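Student: Numbering (the working numbering), first residue to last: 755 to 964.
The C-beta atom is built at its ideal place from N, Cα and C for all residues, glycine as well.
All values reported here derive from a predicted model rather than from experimental measurement.
One structure, pasted below without further comment.
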Amino acid sequence: LKPTMGQLAVWNLTSYDRVVMLDDDMLMIQPCDELFTVPVFAMSHDPTPWASHVDGGGARTRFNNAARVVQPNVELFGHMVKQIQSGAFKDHTLINYWGYDLQSLEDAFWTNHSRRLGGVSFTADAHFRGCTVSRPGTPWRKGKNFLNGSQQSRGVQHDIVKVNDAVAVHCVLPADYNFFVDFKSVFGLVFYGVSNLDLETYNTKHIIRR
Numbered sequence: 755l756k757p758t759m760g761q762l763a764v765w766n767l768t769s770y771d772r773v774v775m776l777d778d779d780m781l782m783i784q785p786c787d788e789l790f791t792v793p794v795f796a797m798s799h800d801p802t803p804w805a806s807h808v809d810g811g812g813a814r815t816r817f818n819n820a821a822r823v824v825q826p827n828v829e830l831f832g833h834m835v836k837q838i839q840s841g842a843f844k845d846h847t848l849i850n851y852w853g854y855d856l857q858s859l860e861d862a863f864w865t866n867h868s869r870r871l872g873g874v875s876f877t878a879d880a881h882f883r884g885c886t887v888s889r890p891g892t893p894w895r896k897g898k899n900f901l902n903g904s905q906q907s908r909g910v911q912h913d914i915v916k917v918n919d920a921v922a923v924h925c926v927l928p929a930d931y932n933f934f935v936d937f938k939s940v941f942g943l944v945f946y947g948v949s950n951l952d953l954e955t956y957n958t959k960h961i962i963r964r
């Protein structure tokens with residue numbers, strides 16, 4: 755099946771200055787109004803450990819279309835669709851690595867379109883502060899049990915770059931904004947949060963209960 759591009763239609767909602775789009779498997783547990791203060795395109799990343807790989811000598815994480823902050827723009831929409839439909843990304847590294855789907859196509863487009871900064875950062879009063887210099891690392895490492903609070907981040911720098919809508923960059927939303935509830939993703943995240951020691955006594959039922 756060819757990937758559908760219905761999600762890209764959000765770029766045509768030009769009666770709005772900013773749109774926050776959430777996938778249908780997302781479960782919001784508290785307000786996230788701060789996302790409406792982000793002035794540049796930002797998209798969630800895949801928090802599962804297998805989503806990291808080496809690209810051009812630097813660690814990167816895969817874009818995940820669970821959540822995105824969009825500044826609607828008809829011209830950009832047309833350019834994006836034209837690029838995707840032309841087959842320009844058919845041999846792109848990300849497509850070869852992840853497969854031919856919309857998520858990978860968007861990732862490839864933004865990789866070529868503008869500079870990718872790291873995670874979005876907010877002030878204490880929930881306003882956009884900037885983006886980190888580096889891309890975020892995977893949030894969990896196998897052998898660390900995040901279920902007991904012993905989570906560990908990797909590859910995250912806290913140097914903040916101030917950006918605005920005149921700067922050709924895009925950013926990555928922190929893992930907090932990828933609040934998916936589909937079974938496959940939750941199961942995978944729990945599995946990679948269980949320590950190797952626990953896995954010696956755990957079975958699938960234990961993990962599902964977690």
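Going by the beta-carbon positions, is the gap between HIS924 and GLU788 smaller than 8 Å?
Tutor: Not a contact, by the Cβ cut-off of 8 Å.
Student: Considering only residues of the same chain and omitting the five flanking positions on each side of GLU829, which have a CB-CB separation below 7 Å?
Tutor: For GLU829, where only same-chain residues beyond five positions count, there are no Cβ hits under 7 Å.
Student: Can you pull the DSSP bridge partners for ARG870?
Tutor: DSSP lists HIS924 as partners of ARG870.
Student: In three-state DSSP terms, what is VAL774?
Tutor: It is a strand residue.
Student: For HIS799, which residues does DSSP report across the bridge?
Tutor: DSSP lists PHE817 as partners of HIS799.
Student: Assuming VAL887 and PRO928 form a contact by the criterion Cβ under 8 Å, report the distance between their Cβ atoms to the nearest whole angstrom.
Tutor: That belief does not hold up - the Cβ atoms of VAL887 and PRO928 are roughly 15 Å apart, past 8 Å.
Student: Spell out a yes or no on whether the region 855-867 and the region 823-840 are touching, meaning 3 or more CB-CB pairs, one atom from each, closer than 8 Å.
Tutor: The region 855-867, when compared against the region 823-840, does touch it at the 8 Å Cβ threshold.
Student: Can you list, in chain order, the residues of its chain with a C-beta nearer than 6 Å to that of LEU776? Leave out the 5 residues immediately preceding and following it.
Tutor: For LEU776, where only same-chain residues beyond five positions count, the Cβ hits under 6 Å are ALA821.
Student: Whole angstroms are fine: how far does the CA of SER840 sit from the CA of THR847?
Tutor: Answer to the nearest angstrom: the Cα atoms are 17 Å apart.
Student: From the DSSP output, in three-state form, read off GLY884 for me.
Tutor: If DSSP states are grouped into helix, strand and coil, GLY884 belongs with the strands.
Student: Kindly indicate which residue of ARG772, MET797, LEU762, PRO793 has the alpha-carbon position closest to the one of TYR931.
Tutor: Ranking the options by Cα distance to TYR931, first place goes to MET797.
Student: Under the three-state reduction of DSSP, which class applies to ILE838: helix, strand or coil?
Tutor: In the structure shown, ILE838 sits in a helix (DSSP, three-state: H, G or I).
Student: Could you check what DSSP says for PHE876 in three-state terms: helix, strand or coil?
Tutor: Strand, per DSSP.
Student: Among ASN819, ARG883, VAL926, PHE795, which residue has its Cα nearest to the Cα of ILE914?
Tutor: Comparing Cα-Cα distances from ILE914 to each of ASN819, ARG883, VAL926, PHE795, the minimum goes to ARG883.
Student: Beta-carbon within less than 8 Å of MET759's beta-carbon, same chain only, minus the 5 sequence neighbours each way: which residues are those?
Tutor: Once the five neighbours on either side are set aside, the close Cβ partners of MET759 are VAL835, ILE838, LEU856.
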